[in-house]
Amino acid sequence: MTDTKHELKDDPADDPAESGTEAPAARRAPEEVPRPAGMGPLGWLRWGWRQLTTMRTALVLLFLVALGAVPGSILPQRGQAPEKVAAYLDGHRTFGPWLDRFSMFDVFAAPWFAAIYILLFVSLAGCVLPRAVKHYQSMRARPPAAPRNLDRLPQSATYETDASPDEVLAEARRVLRGRRFRADVSGGAVSAEKGYLGESGNLLFHLALLALLFALGLGNLFGYRGNVLLTEGKTFANSLGLYDQFQPGRAFGGGELAPFTVTLDDFKAQYETRGAKRGQATDFNAEIRYRSSPDAREKPYDLRINHPLKVGGAKVYLLGHGYAPVFTVRDAKGNVAFQDTVPFLQMEPRNLTSEGVIKVPDAQPDQLAFYAILWPTATASQDGKQIVSAFPAPARPVVTITAFKGDLGLDSGAPQSVYKLEGLGKTLQPVKGGQKLLEPGETFTLPGGAGSVTFDGLKEWTSLSVNHDPGRVPALIASILAVLGVAASFMVRRRRVWVRASAGEGGRTVVEVGGLTLGNPTSEFDDIVTVLRGPEDEPAPEHGRESGPEPGESDPDADQESGSAPETKE
47 MTDTKHELKD
57 DPADDPAESG
67 TEAPAARRAP
77 EEVPRPAGMG
87 PLGWLRWGWR
97 QLTTMRTALV
107 LLFLVALGAV
117 PGSILPQRGQ
127 APEKVAAYLD
137 GHRTFGPWLD
147 RFSMFDVFAA
157 PWFAAIYILL
167 FVSLAGCVLP
177 RAVKHYQSMR
187 ARPPAAPRNL
197 DRLPQSATYE
207 TDASPDEVLA
217 EARRVLRGRR
227 FRADVSGGAV
237 SAEKGYLGES
247 GNLLFHLALL
257 ALLFALGLGN
267 LFGYRGNVLL
277 TEGKTFANSL
287 GLYDQFQPGR
297 AFGGGELAPF
307 TVTLDDFKAQ
317 YETRGAKRGQ
327 ATDFNAEIRY
337 RSSPDAREKP
347 YDLRINHPLK
357 VGGAKVYLLG
367 HGYAPVFTVR
377 DAKGNVAFQD
387 TVPFLQMEPR
397 NLTSEGVIKV
407 PDAQPDQLAF
417 YAILWPTATA
427 SQDGKQIVSA
437 FPAPARPVVT
447 ITAFKGDLGL
457 DSGAPQSVYK
467 LEGLGKTLQP
477 VKGGQKLLEP
487 GETFTLPGGA
497 GSVTFDGLKE
507 WTSLSVNHDP
517 GRVPALIASI
527 LAVLGVAASF
537 MVRRRRVWVR
547 ASAGEGGRTV
557 VEVGGLTLGN
567 PTSEFDDIVT
577 VLRGPEDEPA
587 PEHGRESGPE
597 PGESDPDADQ
607 ESGSAPETKE
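For the sequence shown, the numbering used here begins at 47 and goes up steadily by one.
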């Protein structure tokens with residue numbers, strides 16, 4: 047007995063594919079496609095790198111850098127004005143600490159800002175450098191070959207001449223090279239191209255932006271910035287311990303400070319005296335003397351706003367100013383325990399009402415302290431109940447003194463602010479009857495023989511910012527190159543011209559010229575056609591497809607090229 051199943055299986059007539067009885071493809075169940083194995087760690091890294099190095103990502107990061115710099119422009123920063131940061135935190139006890147947690151008072155030193163900055167740098171480098179390599183290769187490559195149909199280009203012209211095709215091509219090559227085109231002859235046509243300067247300018251802008259970021263990072267690494275308050279008659283030496291606030295770069299060493307000195311001789315401020323702007327400052331001028339080194343000759347300099355002093359590789363800027371009253375304090379034994387200027391901080395910036403404290407740890411038997419308020423131009427308020435300052439200039443300086451005695455707490459070694467009294471009501475007690483209003487030259491004798499304080503006069507102080515930034519010059523050069531690159535990218539456009547010459551009827555040469563310009567066409571193409579045609583040839587038809595058939599007529603060559611016969615007219 048034969049195997050029936052085997053016979054049916056091997057019979058071609060029973061095979062659906064062979065017999066034609068198989069279901070159509072649309073009705074068949076789709077075969078199971080094997081699932082991809084996944085990108086893997088290396089694939090995800092490649093994908094992330096491609097996303098990071100796109101121009102879209104670079105623009106987003108650049109926007110985030112600009113957005114992140116906004117709080118640094120609105121909120122006070124510790125690097126420039128630590129006292130304003132402390133005042134802001136005192137005035138915003140709920141919202142201020144939250145801002146401080148997100149480094150809003152140290153924006154440009156915050157980790158999140160550094161992360162955006164570094165990602166932007168990497169994104170630009172990964173985007174621009176490969177483009178620069180490709181651009182260099184395209185500049186070295188031969189111009190693209192002539193298209194088949196030059197009359198389809200945005201700019202085209204056709205004319206006939208008695209010159210041979212070789213002569214036409216040689217003349218076209220000479221004319222185009224004279225106009226700074228890169229010209230190449232191949233396949234019976236001249237291919238010419240120029241305008242790479244526009245793309246070069248675009249790349250120069252991005253490379254300059256990359257160099258600018260590098261220069262800023264260089265300044266943050268090896269530079270430093272410090273603030274110092276300098277009173278008239280005092281000298282500042284560029285030493286780390288004499289700065290009121292110092293912010294070094296991450297790679298800066300303290301021994302790199304230049305040994306220059308600055309002495310403030312006089313500070314002058316001018317104010318509006320009339321009108322709605324009365325009391326507004328119009329000019330600041332600090333007369334200083336400086337030495338670039340201990341052995342250098344001392345030189346004078348007028349330090350003004352936006353006119354910094356350049357010394358020792360650093361720039362010294364004029365930031366602010368205020369008043370520093372001069373006091374002489376004697377203790378209970380009649381000895382001079384304190385005699386110096388005391389910088390006061392502004393309480394009211396319009397008319398410079400200021401406050402300050404005087405600490406006298408050398409007084410005997412009890413240490414003395416004073417809280418004082420200064421009115422540069424003292425006058426009575428409108429209700430006559432208090433004193434106000436009517437003008438920021440020191441027309442009538444008056445100081446009110448409140449005395450304290452006890453222990454200042456300086457012997458414990460704990461740091462204290464020179465603008466604040468510590469231990470009030472605990473180790474430091476107010477002196478009964480120890481309040482007095484003083485004018486320059488007046489002395490207040492404390493009750494109980496505790497001592498005396500004399501208001502000797504008034505001087506002014508100015509705050510100086512010393513900034514050393516080794517990336518300043520590279521940043522300036524990069525900014526100039528960026529501007530030049532943007533100008534070149536907008537002013538120069540890519541242009542291509544092709545000239546083909548072939549033998550025509552009657553022994554003449556048919557010349558086809560085509561042009562392609564990035565953006566709108568220019569008149570340069572018409573000038574090239576005019577020069578190539580010469581004065582003896584027929585005038586070239588007008589711009590466009592001038593050599594084609596008239597409107598309403600068919601083009602036999604076009605019909606033959608498309609595969610259809612020309613229509614017969616009756």
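Every residue, glycine too, gets a C-beta built ideally from N, C-alpha and C.
Inclusion of GLU206 and GLY580 in the CB contact set at 8 Å is not warranted, their separation being larger than that value. Spanning the alpha carbons of LYS130 and LEU249 requires a straight line of approximately 43 Å. Looking at the DSSP output, ALA297 sits in no beta bridge, so it has no partner there. In this structure, the beta-carbon distance from VAL464 to VAL375 does not fall below 8 Å.
Secondary structure at ASN273: strand, using DSSP grouped into helix, strand and coil.
According to DSSP, residue pairing for LEU484 in a beta bridge involves VAL445. The C-alpha of ARG337 is placed about 22 Å away from the C-alpha of GLU506.
By the neighbour-count criterion, in which a residue is buried when 16 or more other Cβ atoms sit within 10 angstroms of its Cβ, GLU344 is exposed. If you draw a straight line from the Cα of LEU474 to the Cα of SER458, it is about 14 Å long.
Put simply, of PRO395, TYR417, ILE351, PRO567 the residue whose alpha carbon is nearest the alpha carbon of VAL388 is TYR417. Of the candidates GLN201, VAL477, PRO122, THR281, GLN201 places its Cα closest to the Cα of THR563.
The Cβ neighbour count for THR555, taken over all protein chains shown within 10 Å, is at least 16; the residue is labelled buried.
As the crow flies, the alpha-carbon of GLY272 is around 38 Å from that of MET101.
The residue from GLY455, LEU105, PHE313, ALA524 with its alpha-carbon nearest to that of ASP348 is PHE313.
Unbroken beta strand (DSSP E) runs of no fewer than 3 residues, entirely contained in the segment 304 to 355, are found at 307 to 317, 327 to 337, 345 to 350, following chain order. Here MET537 is exposed, its C-beta having fewer than 16 other C-beta atoms within 10 Å. Closest option to ALA112, judged by alpha-carbon separation, among PHE159, TYR134, PRO193, ALA132: PHE159.
Counted as a single uninterrupted DSSP element, the stretch harbouring GLN201 is not any alpha helix (DSSP H) but the beta strand (DSSP E) occupying residues 201 to 207. When only Cα atoms are considered, PRO567 and ALA547 end up about 23 Å apart. Sixteen is the threshold: since fewer than 16 other Cβ atoms of the shown chains lie within 10 Å of the Cβ of ASP208, the residue is exposed. Shown here, PRO371 sits in a strand according to DSSP, grouped into three states.
The continuous beta strand (DSSP E) containing TYR417 extends over residues 413 to 421.
If you ignore the 5 residues before and after ALA521, its C-beta comes within less than 7 Å of the C-beta of LEU258, ALA261, LEU262, all in its own chain and listed in chain order.
In this structure, DSSP gives GLY580 a state outside helix and strand, which the three-state scheme calls coil. Annotation: the segment 218 to 288 contains the following complete segments of the beta strand (DSSP E) (minimum length 3 residues), in chain order: 228 to 232, 235 to 240, 270 to 277, 281 to 283.
The Cβ neighbour count for ASP311, taken over all protein chains shown within 10 Å, is under 16; the residue is labelled exposed. For ASP515, the closest of PHE501, GLY269, GLN392, GLY368 by C-alpha to C-alpha distance is GLY269.
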